[in-house]
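One structure is given here, and the rest of the page talks about it.
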Amino acid sequence: MKILSIETSCDETAISVLEAEGTFGDENNPPKFKILANNLISQIDIHEEYGGVFPALAKREHSKNLIPLLAKTLTEAKIGNPITKSNPLGNRITKWTEVEKILEREPELLKLFLEYIPTIEIPKIDAIAVTQGPGLEPALWVGINFAKTLSLVWGKPLIPVNHMEGHLLSSFASGKEFSISNFQFPMIGLLISGGHTELILMKGWMKYEKIGQTLDDAVGEAFDKVARMLNLPYPGGPEISKLAQTAREEKFGAPSAELLNQEIKLPRPMIHTDDFNFSFSGLKTAVLYLVKNLKEANHWKEIPLETKQTISQEFEDAVVEVLLKKSQKALEKFNAKTLILGGGVVANSQIRQAFRSLGNPITKLKVLMPEREFSTDNAIMIGIAGYFQYLKLKEKGQLQTATDLVGLKADGNLNL
Ligand code: KG4
Ligand code: ZN
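For the sequence shown, counting from 1, position 281 maps to 280 in numbering that gives the first Met the number 0; every step adds exactly one.
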């Protein structure tokens, strides 16, 4: 079957088409995927000047990007054929008034929709998956309304997907073709993104139990806020990572603690607590005071680059140590042999390296992480999670189109 997937939860507009077959949990016929097309438009440049994602702007950009991205994706997947005389659309599509109603608040998207959709044949897809949440609601709504209209005019099932389930399953994507087999439960999932820091116990496919989470800031949020304190551009995660990397490569160039009149040492919050929760707000505040004290003690207006590098390195080390410790603890407690990472922060090189070396052939511990391109938001992960949901709904006879799902709403706080 073919699945079209749409992701608009934050500042990336992403659409993909996956060909999928097989069933999860069936070792004789495991899920297999082939990426037929995968496209993404990032809005980073647009949000950069605001120092963060501006929801109204994200919504507007999604409205503008969705149709061109869909056209490109369908063409690449070879299923966006123009209507011909021998294959006219005829009266197969009769839902234009309903489309106008659904896209009432997205006039730009509606205009592009009406210009493009009537010019192509109904594509040979079997379902449309769309991110329902969590994320920024105005941004989520655009994707959901768009998916609803496509489901309506094409008469295809609509599958609401949890963005975090997508992040968890993104580790299984590798290359253009991949299959998911030979996994033993329980597994532990560590989700680290701009809005989430969670440890998940997976007792089986699609059986999730949250065993811990951040009590305040998410890891990605801490990266972004610390970056702002160091006057680095948005998004801060990759910037901190670059500076920290330089500090590690040029150890001798880094200023010594005495020279800075201050020891650059940051706390490892909650590292020894007996639960699986996290806290990153204290770490962020510690950086705030460190920056303030360094500036005062050294009469600096701006922190010099080398010092920013040292701070970035120490901050990253603190984050890595806490994440590693808590993940190891969860693996031990639940006797799990597989750890899967997901979320934008998994793009961080230091985190990747630290977790990779946790994998161990002697203890048979497996650590899976998404390729860097699938760590941050993308539509492939929504397609994989969408396929799993599709199988579940199909089995229960509960596949529905937008006609039955008129009440489908964006849910900014959707839980796993
Ligand atoms: O998963 P994601 O793309 O969006 C959310 O669902 O939140 O994650 C975005 C987060 C941002 O906070 C960003 O700064 C962080 O991931 N991030 C990184 C890196 N690349 C992205 N954090 C640390 N190091 C990176 N290389
Ligand atoms: Zn995400």
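Every residue gets a Cβ at the ideal spot worked out from N, C-alpha and C, and that includes glycine.
Quantities reported herein were computed from a predicted structural model and do not represent experimental measurements.
For the pair F184 and K209, the CB atoms are not nearer than the 8 Å cut-off. The alpha carbon of G343 has as its nearest neighbour, out of S62, A221, E176 and W299, the alpha carbon of A221.
Closer than 7 Å to some heavy atom of ligand 2: that does not describe the Cβ of H271. Note that the C-beta distance between S169 and F373 is below 8 Å.
When the five nearest sequence neighbours on each side are left out, the beta carbons in the same chain lying within less than 6 Å of the beta carbon of E18 are those of K1, K33 and L35, in order along the chain. Using a cutoff of 7 Å, the CB of S192 counts as near ligand 2, since one of the ligand's heavy atoms is closer than that. Leaving aside the five residues that flank L364 on each side, the residues in its chain whose CB is nearer than 8 Å to its CB run, in chain order, L330, K336, T337, L338, L357 and G358.
The beta carbon of P234 sits closer than 7 Å to those of I43 and D223, all from its chain and outside the five residues before and after it, given in chain order.
The alpha carbon of Q397 has as its nearest neighbour, out of E164, P159 and T12, the alpha carbon of P159.
The alpha helix (DSSP H) runs lying completely inside the stretch 318 to 400 and spanning 4 residues or more are 348 to 355, 371 to 374 and 379 to 394, given in chain order. Note: G188 is bridge-paired with I199 and I339 in the DSSP secondary-structure output.
In the displayed model, A409 falls within coil according to three-state DSSP, outside both helix and strand. Within the same chain, L151 come within 7 Å of E97 by CB-CB distance, once the 5 residues on both sides are set aside. In this structure, A76 places its C-beta atom within 8 Å of the C-beta atom of V16. Between R267 and V321, the gap from beta carbon to beta carbon is short of 8 Å. Of the heavy atoms belonging to ligand 2, at least one sits nearer than 7 Å to the Cβ of G343.
Looking at the backbone, the Cα of Q312 and that of E6 are separated by about 33 Å. The beta carbon of I78 is closer than 6 Å to those of P122 and K123 in its chain, skipping five residues each way along the sequence.
Annotated as proximal: E11 and S41, with beta-carbon spacing under 8 Å. Taking L265 as reference, the option from Q244, L287 and A246 with the minimal CA-CA separation is L287.
Secondary structure of K294 (DSSP, three-state): helix. In the DSSP assignment, E136 falls within the unbroken alpha helix (DSSP H) covering E136 to W153. According to the DSSP secondary-structure assignment, K209 is paired through a beta bridge with I199.
In the assembly as shown, R59 is a buried residue. Its beta-carbon has 16 or more other beta-carbons within 10 Å.
The beta carbons of A378 and L139 sit no closer together than 8 Å.
Rounded to the nearest whole angstrom, the C-alpha separation of F182 and S326 is 18 Å. Relative to ligand 1, the beta carbon of N412 is positioned no closer than 7 Å to any heavy atom.
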